[in-house]
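**Q** Under the UniProt record's numbering, the first residue of the sequence shown carries the number 1, and numbering increases by one thereafter.
A virtual CB, placed ideally from N, CA and C, is assigned to each residue, including glycine.
No experiment lies behind these values; they were computed from the predicted model shown.
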Amino acid sequence: MHSHTFRCLIEGNNKVFKVEIATDEDISDLKDKVHEKGIGQRPVLAKDLTLLKVEIDLMPHTTAESLSQVAINPVGTEMLDWMEISEVWQEPPARRALHIIAKIPPATVSPSTSQDSNLSQESLQNWLAELHQKLWGKGHLFGSIFRTVTLTTNDFVELQLELQSVNPSRTEPSYKAHDVLKVKAEFLHRKSCEATWEPNTDELVPSVSRVVTSPSTLDDAMDVDANPAPEPDNCPSYIIADAKELSSFTGSTAVFPCTIRYMDLTTFDLKIPTLKRLTLIRDEWNTMIDLFNGRKRGVLGSAVFTGSPGIGKTCLLYYILILCFIKAQPVVFQDTCGDVYLITDEVRSQSRDIRIAGDDVLTLIDADGSTCQPYKYIFHNTNLYVLLTSSPRSRKDRKWLKSGLCSSLWSTAYFFRLFIAEKDITLSRFWKTYKICGSVPRQFLHAAESCEARKTVQTEISDVIQKSKDVKAAMDGVVGDEVVPHRAFAVYPSTKVRLLTGCHVKAISKGAMNTIIKALHKESTETVLELYQSIRGSPKAATFRSNLWELKAHWYLPYRGGCSFTIQSLENGPDGQLDLLKNLEHFVFGPPLELSSKIADCMDARQSIYLQPISDNFASLDAIIFQPQRPLVGIQVTNALTHPIKTKGLKALQSHLSLNNELLSPLRPTPKEPWPIIFVVPAKMERSFTKQSIEGDASATWRKKTVHRHAFCLCLVTDNQNDLARQDGIHISGYSNRCQILQTNKGLTG
């Protein structure tokens, strides 16, 4: 094993000393050696030192005074903890020279870089001690902190009326979202009850018992309208409209009624409130905790919980910490600055002797700051079971890690439950922000505060994309040291086991995806195709590639208004004909009520329209084509061999074609006039794409009204320069096999 010997100097000192270290060790090990030899008993931790790489010749005439001057304001290259010695010194250090100057931190630790904390080490320890004093072993407080509430449409209206009375201008474009935490906390407390808790001694990481979400009203709403929201006297019309929307559907799931769990710290007068005072407890957290509890115990079973920045990883960590306090469960905690605390019957800051008796001791690490890995002495104890949360990092920052778990993204319907957030956000503002930011809470909530904030975030996302000359490289950077790509991309697990190694990357929103495509088109029309082909072999880019294909297909179909497509049934039935009228408008809608309103307007104007939702999973379809005097046509764009149709989404769509509306009711499907559903797939799938299943209640009835008789396949070529690369060049494959499009009457041969 090779080693290097370095001459070192402590800032403000003039005594040079030597340390020897192996080249395969890292800078954190070097800090320990410098601390041991040069710092001595002074109250400075080794990890708090800053080591600067220098090369200053030491001549025979070098004096102590000149060394003191060098050490007053040292200039050099800072060395980071995770760097290996061999990386910093690729050649042996100069023989007669000063190699390292160690800077000592000021008495007060620098503020944390965490999103949610600006605490010094002393104040954080005081906060932990305060929380410890109020919660440690006090199981009787569980029910006042952890609550369960079932929310209905009536509850939504009631809360909105309260918020309207507090902020009468909340619907104005100029309104800046106010802090309404007190109003929401009191409202939820009136409606909620204590959450159930059955401590499991076999589980090292505690969690609140799951609750069963109330069934959606959509499950029983096959041929009836969605239940209208109540209309109290003097209730603003926008609240009634919002309530109807949320009790109907977003994606394929109604938002109300729903049962949620949340953590309420508003009743505790915390002097330094680091935590969010109202925290929604995601079902996803229990899933992640179950996966962690099922791993091998001890250091070898340690794991990282990761995911897109702002998705709630730190909230999960503090949720677990508070449960440990209530259970009086000993725990080791490391904050974003790398400071370590032993929490038992007291809270103690610790540097080297990180030891708690017991077979397995949970160690919680908030690594979303500058320190992105566990303090090295933690691994000197085989009974410490590490759970670390951080944004995705590169492999060099994860040398200690055997595997990681990636948290899933928020679904659209679940995301609506953020109405318990501290700021007052109307549904209209929600949709405008969601289109830009998707469902990453931190970025979304910041953008939703005002029109100015939303425009700023939109500009930041656009700038990130414009500066990314190589989109594939930017996607790779999401799982690395770069933070910037997360503005435009999100990372999420591809399987139920949620392994970080199998995660996928996609654009954070449809708005971001559109910006990516437009940026590529500015460079060259071939650039889109080049990107599509370059990521073909990348597992993490599978979803992005699928979304790229879907987006281009959705751009193409409305663009070809005036074309006629001959389509072949997936049921071995007769061929069908899809005629797209001229002047086919392409409209992207947000609230589902906007869909029925737009169709009604187009019926009056006899205007054809291609309707595409903002939501990633609207009902069971990707788009709907309305043309006067014709049945609605459902469009499902996919490059997957299996894509079942869900009856819940079809019921939801039908519920917005009111039986009481003489314009809309004729569009409801019947066995005699079914809805045609057309699958649009890449031409390479011509021989493999087959009949798709229909899933959910009343599937037999819905087969008669849609799929059984009228499921067709439209195939678009995607593998040459004449298709995906050019806006007007995607063409129809000329095959006549069982699930293939034949030709168009405009000769789109590419």
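#1: Which partner residues of V505 appear in the DSSP bridge assignment?
#2: According to the Cβ coordinates, are D360 and L204 closer than 8 Å?
#3: Reducing DSSP to helix, strand and coil, say where Y238 ends up.
#4: DSSP state of L218, grouped into three classes?
#5: Report back the beta-carbon spacing between I101 and H4 to the nearest angstrom; my notes put them in contact at under 8 Å.
#6: Do you know offhand how far L551's Cα is from N514's?
#7: Rounded to whole angstroms, what's the CA-CA distance from T77 to H99? Just pull it up for me.
#8: Which residue or residues does DSSP assign as beta-bridge partners of G634?
#9: Using 10 angstroms around the beta-carbon of D575, count the other beta-carbons present and answer buried if the total reaches 16, otherwise exposed.
#10: Restricting to Cα atoms, I'd like to know which of S608, A600, S688, A652 is closest to T638.
#11: Taking all protein chains shown into account, do 16 or more other C-beta atoms lie within 10 angstroms of the C-beta of Q568, making it buried, or fewer, making it exposed?
#12: Touching or not, the segment 632-647 and the segment 675-695, by the rule of three or more beta carbon pairs under 8 Å?
#13: Around the C-beta of C8, are 16 or more other C-beta atoms found within 10 angstroms, so that it is buried, or is it exposed?
#14: Compare the Cα-Cα distances from W82 to each of S597, P374, K651 and report the closest residue.
#15: Quick check: the Cα distance between S494 and C503, rounded to an integer number of angstroms?
#16: Taking the continuous alpha helix (DSSP H) assigned at H446, which residues delimit it?
#17: Determine the DSSP secondary structure at K296, reduced to helix, strand or coil.
#18: Once the 5 residues before and after Q692 are set aside, which same chain residues still bring their CB inside 8 Å of it?
#19: Distance check for V332 and G590, CA to CA, integer angstroms please.
#20: Quick check on the DSSP output: the beta strand (DSSP E) that includes I343 runs from which residue to which?
#21: Could you check the C-alpha separation between I39 and F379 for me, to the nearest Å?
#22: Can you tell me whether DSSP reads Y318 as helix, strand or coil?
#23: Looking at V386: is its Cβ nearer than 8 Å to the Cβ of L128?
#24: Just to confirm the assignment, what range does the beta strand (DSSP E) spanning D26 have?
#25: Consult DSSP for R429 and reduce its assignment to one of helix, strand or coil.
#26: How is T171 classed by DSSP in three states: helix, strand or coil?
#27: Strictly by DSSP, which residues pair up with L405?
#28: Between which two residues does the alpha helix (DSSP H) harbouring T647 extend?
#29: Compare the beta carbon distance of L578 and L632 with 8 Å and say whether it is the shorter of the two.
#30: Terminal residues of the continuous beta strand (DSSP E) containing F156?
#31: Measuring alpha carbon to alpha carbon, tell me which residue in T344, I354, A64, L30 is nearest T50.
#32: Do the segment 175-185 and the segment 435-453 make contact, defined as three or more Cβ pairs closer than 8 Å?
#33: Going by CA-CA distance only, name the one from R96, I322, L80, S28 that's closest to W60.
#34: Does the Cβ of Q654 have 16 or more other Cβ atoms within 10 Å, making it buried, or fewer, making it exposed?
#35: Exposed or buried, what is P228 when buried is set at 16 or more other beta-carbons lying within 10 Å of its beta-carbon?
#36: Can you name the start and end residues of the alpha helix (DSSP H) that L548 belongs to?
**A** By the coordinates alone:
#1: In the sequence shown, counting from the first residue as 1, residue 505 sits at position 505. V491.
#2: For the purposes of this step, residue 360 is taken as residue 360 along the sequence shown, with counting starting at 1. For the purposes of this step, residue 204 is taken as residue 204 along the sequence shown, with counting starting at 1. Their beta carbons are under 8 Å apart, which means D360 touches L204 by this criterion.
#3: Residue 238 sits at position 238 when you count from the first residue of the sequence shown. Annotated three-state conformation of Y238 is helix, per DSSP.
#4: In the sequence shown, the residue the question calls residue 218 occupies position 218. Model confidence at L218 stands at a pLDDT of 30, short of 50, so the residue's coordinates are unreliable and nothing is read from them.
#5: In the sequence shown, residue 101 corresponds to position 101, counting from 1. In the sequence shown, residue 4 corresponds to position 4, counting from 1. Not quite, the Cβ-Cβ distance comes to about 16 Å (not below 8 Å), so this is no contact.
#6: Residue mapping note: residue 551 aligns to position 551 of the sequence shown, counting from 1. Residue mapping note: residue 514 aligns to position 514 of the sequence shown, counting from 1. Roughly 8 Å separates the two Cα atoms.
#7: The count along the sequence shown starts at 1 and reaches residue 77 at position 77. The count along the sequence shown starts at 1 and reaches residue 99 at position 99. Between T77 and H99, the alpha-carbon positions lie close to 11 Å from each other.
#8: Your numbering for residue 634 matches position 634 in the sequence shown. Paired residues: I624, I677.
#9: Within the sequence shown, residue 575 is the residue found at index 575, counting from 1. Result: exposed.
#10: Within the sequence shown, the letter at position 638 stands for residue 638. Relative to the Cα of T638, the nearest Cα in the group S608, A600, S688, A652 belongs to S688.
#11: Taking the first residue of the sequence shown as 1, we reach residue 568 at position 568. Classified as buried, Q568 has 16 or more neighbouring CB atoms from the shown chains inside 10 Å of its CB.
#12: Taking 8 Å as the limit for Cβ pairs, the verdict is that the segment 675-695 does touch the segment 632-647.
#13: Within the sequence shown, residue 8 is the residue found at index 8, counting from 1. The residue in question, C8, is buried, as its Cβ has 16 or more Cβ neighbours within 10 Å.
#14: On the sequence shown, residue 82 is found 82 positions in, with the first residue counted as 1. Considering only alpha carbons, the answer is P374.
#15: If you number the sequence shown from 1, residue 494 lands on position 494. If you number the sequence shown from 1, residue 503 lands on position 503. One alpha carbon belongs to S494, the other to C503, and they sit about 5 Å apart.
#16: Counting from one through the sequence shown, the residue named residue 446 turns up at place 446. Here the alpha helix (DSSP H) through H446 covers 441-447.
#17: One-based indexing of the sequence shown puts residue 296 at position 296. Residue state for K296 is assigned as coil, using DSSP reduced to three classes.
#18: What you label residue 692 is simply residue 692 of the sequence shown in a count that begins at 1. So the list reads L570, T642, H643, P644, I645, F679, V707, A711, once near-sequence residues are dropped.
#19: Position 590 of the sequence shown holds residue 590. Position 332 of the sequence shown holds residue 332. C-alpha separation (whole angstroms): 46 Å.
#20: As a position in the sequence shown, residue 343 is number 343, starting the count at 1. Where I343 is concerned, the enclosing beta strand (DSSP E) stretches over 340-343.
#21: Residue mapping note: residue 39 aligns to position 39 of the sequence shown, counting from 1. Residue mapping note: residue 379 aligns to position 379 of the sequence shown, counting from 1. When the Cα atoms are used, I39 and F379 turn out to be separated by approximately 24 Å.
#22: Residue mapping note: residue 318 aligns to position 318 of the sequence shown, counting from 1. Shown here, Y318 sits in a helix according to DSSP, grouped into three states.
#23: For the purposes of this step, residue 386 is identified with residue 386 of the sequence shown, where counting begins at 1. For the purposes of this step, residue 128 is identified with residue 128 of the sequence shown, where counting begins at 1. At a Cβ-Cβ threshold of 8 Å, V386 and L128 do not count as neighbours.
#24: As a working note, residue 26 is residue 26 in the sequence shown. Looking at the DSSP string, D26 is not in any beta strand (DSSP E), and its letter there is neither H nor E.
#25: As a working mapping, residue 429 is identified with position 429 in the sequence shown. The three-state secondary structure of R429, taken from DSSP, is helix.
#26: Translated into the one-based positions of the sequence shown, residue 171 becomes position 171. Here T171 sits in coil by DSSP.
#27: In the sequence shown, residue 405 corresponds to position 405, counting from 1. Per DSSP, F305, L499.
#28: Residue mapping note: residue 647 aligns to position 647 of the sequence shown, counting from 1. Note, T647: alpha helix (DSSP H), 647-655.
#29: By one-based count along the sequence shown, residue 578 stands at place 578. By one-based count along the sequence shown, residue 632 stands at place 632. Against a cut-off of 8 Å, the Cβ pair of L632 and L578 comes out as no contact.
#30: Numbered from its first residue, the sequence shown carries residue 156 at position 156. Segment 153-166 is the alpha helix (DSSP H) holding F156; no beta strand (DSSP E) there.
#31: Working through the sequence shown from its first residue, we reach residue 50 at position 50. Ranking the options by Cα distance to T50, first place goes to L30.
#32: Contact check between the segment 175-185 and the segment 435-453: three or more CB pairs, one atom from each, fall below 8 Å, which counts as touching.
#33: Position 60 of the sequence shown holds residue 60. For the record, residue 60 in the displayed sequence is Pro; it is not Trp. Of the listed residues, the one whose Cα sits closest to P60 is R96.
#34: Here residue 654 refers to the residue found at position 654 of the sequence shown. Under this definition Q654 is a buried residue.
#35: As a working mapping, residue 228 is identified with position 228 in the sequence shown. Low local confidence applies: a pLDDT of 47 at P228 is under 50, so the model's placement there is unreliable, and no value is given.
#36: By 1-based counting over the sequence shown, the position of residue 548 is 548. Per DSSP, L548 is one residue of the alpha helix (DSSP H) stretching across 542-559.
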